[in-house]
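Chains A and B supply the protein sequences, listed in that same order.
So in the numbering used here, the last one in the first sequence is 407, and the numbering has no gaps at all.
So in the numbering used here, the last one in the second sequence is 1800, and the numbering has no gaps at all.
Even for Gly, the Cβ is constructed at its ideal location relative to N, Cα and C.
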Amino acid sequence: MSTEARKPPPQIALKIRRFLGGKAGWNGVAVQFAFAAILGWIGYEIVSNARANLENQHIAAGFGFLRNNAGFDVNQTLIPYTGSDTFLRVFVVGLLNTLVVSVVGIVFATLIGFIVALCRLSPNWLLSRVGEIYVEIIRNLPLLFQILFWYLAVLAALPNPRQSISLFGIAFISNRGLVIPSPVGQSGLEPFLAMLALGIVAALVLRFYARRALFQEGRMIRIWPYVLGLLFGLPLAAMLVFGRPFSFELPQLKGFNFAGGSRIIPEFVALTLALSTYTAAFIAEIVRAGILSVHKGQMEAGSSLGLSRGTTLRLIVVPQAMRVIVPPLTNQYLNLTKNSSLAVAIGYPDLVSVFAGTSLSQTGQAIEIIAMTMGIYLLISLLTSAVMSVYGWRVSRSLGA
Amino acid sequence: MSDIASNSFVRQDLLTERPAPVKTTGFVGLMRTRLFNSPTNILLTIVGALLLWFTIIPSVRFLMVDAVWSGKDRTACLTENAGFAVGACWPYIQAKLPQLIYGFYPEAERWRVNLTFVLAVVLLVPMLVPRLPAKGLNASLFFLAFPVVAFFLLHGGGIKGFGLSWTADLLQLFDDSIVNAGQALLTLSKTSTVAPLFWIVGNFIVLVGTAIYWLIFPLTWLRDQLLGTGQSVWTDFAITAAIVSLIAFVLGGGVRTGGRALASSVATFIAIAIVIKLMGLDHGGLPVVTTNLWGGLLVTLVVSVTGIVTSLPIGIALALGRRSTIPLIRIFSIAFIEFWRGVPLITVLFFATYMLPLFLPGNFTVDGLVRALIGIALFTGAYQAENVRGGLAAIPRGQGEAAAALGLSWWKTTSLIVLPQALRHVIPNLVNSFISLFKDTSLVSIVALFDLLGSLRASFSDPKWSTPSTAFTGFAFAGIIYFIFCFGMSRYSLFVEHRLNAHRRN
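Shown next as C-alpha cells:
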C-alpha cells in the first residue's frame, strides 16, 4: 500500500474566480463589470463630445500639425532653430531647454543643499540657526513667488549693460542677463581631450586594481598620487607639447550692449536661482535627516577599530546615510524638473512655455499638444522611478536581506 | 565607642572652596560651549554673524527705517521727494489692499467676503483645538455645510428646486446619454464590418435607456408638476425632507432604534431650511458676482480650501482602491495616481483650461475658476491618496481581521475600524500636503485667474505707483502673508505630531 500524498483537487473554478474577481469572488466580478461600464460610458462621452466640439471649431484632429511651420522665434535655443522650422523642432527645442535648466538647477541645488545641511548640523549655534532660518523662509514661500521675485524685483532692478556689475572683469551682470566668457577651441584641443580621456580611463583601471588587491589579498595600495598625476599631469603635458587647447573670448562693451562672450538670458538666471535655492532647502532637510539617521554608535565603533575620523565618515557613516538620502533626493530632482515648467510665468522658453503655450495658441490642437507635454513629463518620472526601484533592489541585496 | 573615635580621622576645618564649574547654561554658557569654544568655531561664528548682518540689517532698513509710510501716489516714494534712499513704499500697499484681498469684487458686496472669512475662522478654530468637544459635528459643518453656504454667499444666486428635481435632472441627463450612445452604435452599424454585433449591442443599450426612462418617469413627472406651482422650492424641500428622513428612520433600525437617525435628519433639514430662508435662496438669493470678478487673497483661499475639502475624499477613495483585491479597481487606481503624480501641476491646469472644455458637451460651459478647481482636486487627490495609503499600511492586519471576526462587513470594517486609525496616523502628512497645496494655488495665476500673486503682479503695471521699490514692497507684503499661513500650518502639524507621539516621548 503506497503512502503517497494525495494530490490536491485542481479547484479550477476557484482559480478562475480568483483570477477574475480577486478575493471578493463573484462579487468582485460584478463590481468590475459595473466599474468597466461606468468607465466605458465616461470614455464614450469624452470621445463623442470631443469629436463634436472639434468639428464645431473646425480643428482637424491628429499629429499632422507637427510638420507645419511654427513661424515664431525662440530666444534661447541649444540646437539651430529658425521661425521657419516645424512644430516638432519647437518641441525638441523646448524639451532641451527644460532639460538644461533642470540639470543646471540640480547641480546648484545639490551644492547649496549640502552646504546648508552642514550648516544646520554644525556644532556652532549661530551657524545652525542661520541654516534653519534659510530653510524655514524658503520652504514657506511658494516657488512661483520666488521665481517672480528674482525676475521682476531683483533682476529688473539691476543696471543696464553700460553700468553693468563686473565680476573680476570677465563676467558682467545687467538687466539683460549674465554675460560670461565663451571658450573657443584652439589647435591643441584634440590632443588635450584625448589625454584627458586617457587619464580618466587609466585612473579607473588603477582604482579597480587597488580594490581587487584590497579585497582579495588584503594589500592596501595608496593610489591617489598616481591618480592625481594621471588626471592633471597628462593633459598638462599635452598642453605643453601642442599648445593651448582653448582660449576664452572675453565679452566687450560695444555701444549699448556686449559683443563677444556668451549671453545667458535673464529668464534662465532667475529660474535657475529660484529653482536651486528652493530645492536646496528641501535637499538640506533630507541630507540632515540622512546623516542623523546613522546611529552614534557607528561612529564610536569606527574609532574603536582605530579608524581616523575622516575614514570613519567616508567608509562607515556616509555610505549608510546615502541609503537614506538617495531615494528622497532623486524625488527632489524629479520635483525640480517638474517645477521648471513654471518657466512659463516669466517666459523662459521651456517645453510648457513654447509648446503648450505658444504652439497651442497658434494651432489650437489642445488635445495633442497637452497629451504630448504630459506624456514627456510622465515618461521622465516613470524612468526615474524605474531607476530608483533598481537602486532600492540593489541596496536591499547588498544589505544581505 | 571611644576606640573607634580615637582611631578615625575627623576633619575639623572646612575644605577650601573649589572654583565653580564652568557655566554651560544661559547665554554665557551658550557662548562658551556652542560659539567660541575652538578657533574653528570662532571663525564659523564670525561667518554666521556676517551672513546675518548682511541680510537682516538691510531688510529691516528697507521695511521699517527707510520706508515711506504715507502718501497719495508714486511721488511720495521717490528719492528726490523723500530726501533719502527710499525703502518700502507702504502707501502703495495701502492703495492696492482692496485689490490684493478682494480682486474686482464689487465694493458694495464685500461684506459677503468678510462674512465668509469670519464663518471660516469660527468653524475652523474649534476644530483645530484638540480639547474642544463635538469634533464630528464641527467637521461636518466645516467640510459639508460651509462650502455650500460659502458658495451662495460669495457667488450669489438662488435655487429653483431641491433634492427631488436635482435627482430627476441628473437621472434624466444620464439616461439621455445612454440612449445617445445606443443610437450612435446603431448608426455605426450601418457602415461597419461587424454590423450585427453593433446592432445588437446598440439596440440593447437603447432598450436599457428606454427602460430607465420609464423607471424614472414618476420622478420627472413630479418635478414638472412642482415647477408648475408657485412654491416649487418649498414643496420640493418638504418632499425631499420627508423621503430622506423616512429612509434614515428605516436604515437607522425602524421603530426600535431609528429615532436617533430620524431626529438628526429632521434637525439637519430644519437647519437647511433656516439657511435657505435667511439667504433668501428661494427667491433669487444675493446678487450674482461672477467669478471673473473675484481675485486676490479671496481666490487663493477659495482654491486652497476647495482643494483641501475635495482632495481628501478623492484621496481616500483612491487609496482604498489601490489596496483593493479586485484587479480592475486596483489597476485603475494605480494608473490614476501615478499619472497625476507624474506630471507637473501647471500641465494639469493647462489640461483643465484647454482640454476639459472639449470633453464636455458643447452647450455645457464651465467657469474658469471651476475648471482650475477640478484640475487641482484631481492633482492633490492623487498625492493625498499616497498619504492615506501610508496610514492604511501602518494599521496592523489584526485590526481588520478582528473586525471581520466580529462579523463586520467590509464597509463597516473600513469606515469604523481601519480608516479612523489610519487617518489619525497621517494627520501631519495631510497637513504638509495642504501646505504645498496652499503654495501651489499661486499657479492659477498662469491660467489667467487673479489670485494673491496674480493681483500683485497686475498691480505692478499701474503707472500711478511705479517706483524703483514698488516691486520689492509688493513681494515683501505678499511674502509675509504666504509665510504666516504656511508657517502657521507647519507649526500646527508639528504640534499634532507631538501630541500623537506623546506615548513615545522620552
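(request) Put asparagine 263 of chain A into one of helix, strand or coil per three-state DSSP. (result) Here residue 263 of chain A refers to the residue found at position 257 when the first sequence is read from its first residue. Strand, per DSSP.
(message) Tell me the rounded alpha-carbon separation between serine 1627 of chain B and histidine 1719 of chain B.
(response) In the second sequence, residue 1627 of chain B corresponds to position 333, counting from 1. In the second sequence, residue 1719 of chain B corresponds to position 425, counting from 1. In a straight line, the C-alpha of serine 1627 of chain B is about 22 Å away from that of histidine 1719 of chain B.
(message) Helix, strand or coil for valine 1790 of chain B? Go by DSSP, reduced to three states.
(response) Here residue 1790 of chain B refers to the residue found at position 496 when the second sequence is read from its first residue. Three-state DSSP puts valine 1790 of chain B in a helix.
(message) Quick check: is the beta carbon of proline 189 of chain A nearer than 7 Å to any beta carbon in chain B?
(response) Taking the first residue of the first sequence as 1, we reach residue 189 of chain A at position 183. With 7 Å as the cut-off, proline 189 of chain A does not count as an interface residue toward chain B.
(message) Cβ closer than 8 Å: which chain B residues qualify as neighbours of glutamine 2 of chain A?
(response) The question about residue 2 of chain A has no answer, for chain A in this structure spans 7 to 407.
(message) Quick check: is the beta carbon of methionine 328 of chain A nearer than 7 Å to any beta carbon in chain B?
(response) By one-based count along the first sequence, residue 328 of chain A stands at place 322. No, methionine 328 of chain A lies away from the interface with chain B (no Cβ there is under 7 Å from its Cβ).
(request) Tell me where the beta strand (DSSP E) around arginine 269 of chain A begins and ends. (result) Within the first sequence, numbered from 1, the residue matching residue 269 of chain A stands at position 263. That run of the beta strand (DSSP E) goes 268-270.
(message) Quick check: is the beta carbon of arginine 1799 of chain B nearer than 7 Å to any beta carbon in chain A?
(response) Against the second sequence, residue 1799 of chain B aligns to sequence position 505. Residue placement at arginine 1799 of chain B cannot be trusted, given a pLDDT of 49 that sits under 50; what the coordinates show is reported in the next sentence. No, its Cβ sits nowhere closer than 7 Å to a Cβ of chain A.
(request) Would you mind sorting phenylalanine 1658 of chain B into buried or exposed? The rule is 16 or more other CB atoms within 10 Å of its CB. (result) Here residue 1658 of chain B refers to the residue found at position 364 of the second sequence. Label assigned to phenylalanine 1658 of chain B: exposed.
(request) On a CA-only basis, which of B/Asp1756, B/Ala1752, B/Val1354 and B/Val1725 is nearest serine 1787 of chain B? Give me that one, please. (result) Within the second sequence, the letter at position 493 stands for residue 1787 of chain B. Among B/Asp1756, B/Ala1752, B/Val1354 and B/Val1725, the Cα nearest to that of serine 1787 of chain B is on B/Val1725.
(request) Could you tell me the distance, in whole angstroms, from the CA atom of isoleucine 270 of chain A to the CA atom of threonine 283 of chain A? (result) If you number the first sequence from 1, residue 270 of chain A lands on position 264. If you number the first sequence from 1, residue 283 of chain A lands on position 277. Rounded to whole angstroms, isoleucine 270 of chain A to threonine 283 of chain A spans 19 Å at the Cα level.
(request) Please list the partners that lysine 344 of chain A has in chain B, where partner means a Cβ-to-Cβ separation under 7 Å. (result) Within the first sequence, numbered from 1, the residue matching residue 344 of chain A stands at position 338. Taking the beta carbon of lysine 344 of chain A as reference, the chain B residues within 7 Å of it are Pro1638, listed in sequence order.
(message) Ignoring anything shorter than 4 residues, give me the alpha helix (DSSP H) runs that lie fully in the stretch 1506-1588 of chain B, in order along the chain.
(response) 1511-1522, 1526-1545, 1548-1551 and 1553-1573
(request) For the stretch 1458-1477 of chain B, enumerate the residues whose C-beta is nearer than 8 Å to any C-beta of chain A, in chain order. (result) Cβ contacts with chain A come from Ser1471, Ile1472, Asn1474 and Ala1475.
(message) What would DSSP say about serine 1784 of chain B, mapped onto helix, strand or coil?
(response) Translated into positions along the second sequence, residue 1784 of chain B becomes position 490. Three-state result, serine 1784 of chain B: helix.
(request) Under 6 Å Cβ to Cβ from valine 401 of chain A, same chain only, skipping five residues before and after it: list those, please. (result) Here residue 401 of chain A corresponds to residue number 395 of the first sequence, with the count starting at 1. Answer for valine 401 of chain A: Arg329, listed in chain order.
(message) Are the CB atoms of phenylalanine 155 of chain A and phenylalanine 1769 of chain B within a distance shorter than 7 Å?
(response) Here residue 1769 of chain B refers to the residue found at position 475 of the second sequence. Here residue 155 of chain A refers to the residue found at position 149 of the first sequence. The answer is yes: Cβ separation under 7 Å.
(message) Between alanine 19 of chain A and chain B, is the shortest Cβ-Cβ distance under 7 Å, so that the two count as touching?
(response) Numbered from its first residue, the first sequence carries residue 19 of chain A at position 13. Contact with chain B is absent for alanine 19 of chain A, since none of that chain's Cβ atoms lies less than 7 Å from the residue's Cβ.
(message) Check whether chain B comes within 7 Å of asparagine 341 of chain A, counting only Cβ atoms and requiring the distance to be less than that.
(response) In the first sequence, counting from the first residue as 1, residue 341 of chain A sits at position 335. No, asparagine 341 of chain A lies away from the interface with chain B (no Cβ there is under 7 Å from its Cβ).
(request) Note down, in chain order, each residue of its chain lying with its Cβ closer than 8 Å to the Cβ of lysine 21 of chain A, except the 5 sequence neighbours on either side. (result) Position 15 of the first sequence holds residue 21 of chain A. Closer than 8 Å at Cβ, skipping near neighbours: no residue.
(message) To test your reading of the DSSP string, which unbroken alpha helix (DSSP H) runs of 4 or more residues are found completely within the stretch 175-213 of chain A?
(response) Those alpha helix (DSSP H) runs which fall completely within the stretch 175-213 of chain A and span 4+ residues do not exist here.
(request) Please name the residue or residues paired with aspartate 1745 of chain B in a DSSP beta bridge. (result) Working through the second sequence from its first residue, we reach residue 1745 of chain B at position 451. Answer is B/Gly1590.
(message) Just verifying my parser: in three-state terms, what is the DSSP assignment at glutamate 255 of chain A?
(response) Sequence index remark: in the first sequence, residue 255 of chain A carries index 249 (1-based). It is a strand residue.
(request) Might you give, ordered along the chain, the residues of its own chain that have their beta carbon closer than 7 Å to the beta carbon of arginine 1799 of chain B, omitting 5 neighbours on each side? (result) Along the second sequence, read from residue 1 onward, the residue named residue 1799 of chain B stands at position 505. For arginine 1799 of chain B, the predicted structure reports a pLDDT of 49, less than 50, and the residue's modelled location is therefore unreliable. The matter cannot be settled from this model.
(request) Report yes if the C-beta of phenylalanine 1779 of chain B is less than 6 Å from at least one heavy atom of the ligand PLP; otherwise report no. (result) Looking at this structure, you won't find the ligand PLP or any other ligand, since it has none at all.
(request) Look at the Cβ atom of leucine 132 of chain A, then the Cβ atom of threonine 1339 of chain B, and state whether they are nearer than 7 Å. (result) Position 126 of the first sequence, counted from the start, is the residue given in the question as residue 132 of chain A. Position 45 of the second sequence, counted from the start, is the residue given in the question as residue 1339 of chain B. Yes, they are a contact pair.
(request) Assign leucine 220 of chain A to one of three DSSP states: helix, strand, or coil. (result) For the purposes of this step, residue 220 of chain A is taken as the residue at position 214 of the first sequence. Residue state, collapsed to three classes: helix.
(request) Give the residues of chain B in contact with glutamate 51 of chain A, contact being defined as C-beta atoms less than 7 Å apart. (result) The count along the first sequence starts at 1 and reaches residue 51 of chain A at position 45. Within 7 Å of the CB of glutamate 51 of chain A, the CB atoms of chain B belong to Ser1471, in sequence order along the chain.
(message) Quick check: is the beta carbon of phenylalanine 1645 of chain B nearer than 7 Å to any beta carbon in chain A?
(response) For the purposes of this step, residue 1645 of chain B is taken as the residue at position 351 of the second sequence. Yes, its Cβ sits closer than 7 Å to a Cβ of chain A.
(message) Quick check on this structure: which residue in A/Phe178, A/Leu313 and A/Leu210 has the alpha carbon closest to the alpha carbon of glutamine 258 of chain A?
(response) For this step, residue 258 of chain A is matched to residue 252 along the first sequence. In this structure, A/Phe178 is the residue among A/Phe178, A/Leu313 and A/Leu210 with its C-alpha nearest to the C-alpha of glutamine 258 of chain A.
(message) For the stretch 135-165 of chain A, list every residue whose C-beta sits within 8 Å of some C-beta in chain B, in sequence order.
(response) Arg135, Val136, Glu142, Ile143, Arg145, Asn146, Leu147, Pro148, Leu149, Leu150, Phe151, Leu154, Phe155, Leu158, Ala159, Ala162 and Ala163
(message) For phenylalanine 221 of chain A, count the other beta carbons within 10 Å of its own beta carbon; 16 or more makes it buried, fewer makes it exposed. Which is it?
(response) As a position in the first sequence, residue 221 of chain A is number 215, starting the count at 1. Exposed.
(request) May I ask you to verify whether the stretch 60-73 of chain A touches the stretch 364-371 of chain A, counting CB pairs closer than 8 Å and requiring at least 3? (result) yes
(message) Please state the DSSP three-state secondary structure of valine 1488 of chain B.
(response) Along the second sequence, one-based indexing puts residue 1488 of chain B at 194. In this structure, valine 1488 of chain B counts as coil in the three-state DSSP scheme.
(message) What are the residues in the stretch 1749-1777 of chain B lying within 7 Å of chain A by C-beta distance?
(response) Arg1751, Phe1754, Pro1762, Ala1765, Phe1766, Phe1769, Ala1772, Gly1773, Tyr1776 and Phe1777
(message) With H, G and I counted as helix, E and B as strand and the rest as coil, what does DSSP make of leucine 173 of chain A?
(response) Looking up residue 173 of chain A in the first sequence gives position 167. If DSSP states are grouped into helix, strand and coil, leucine 173 of chain A belongs with the strands.
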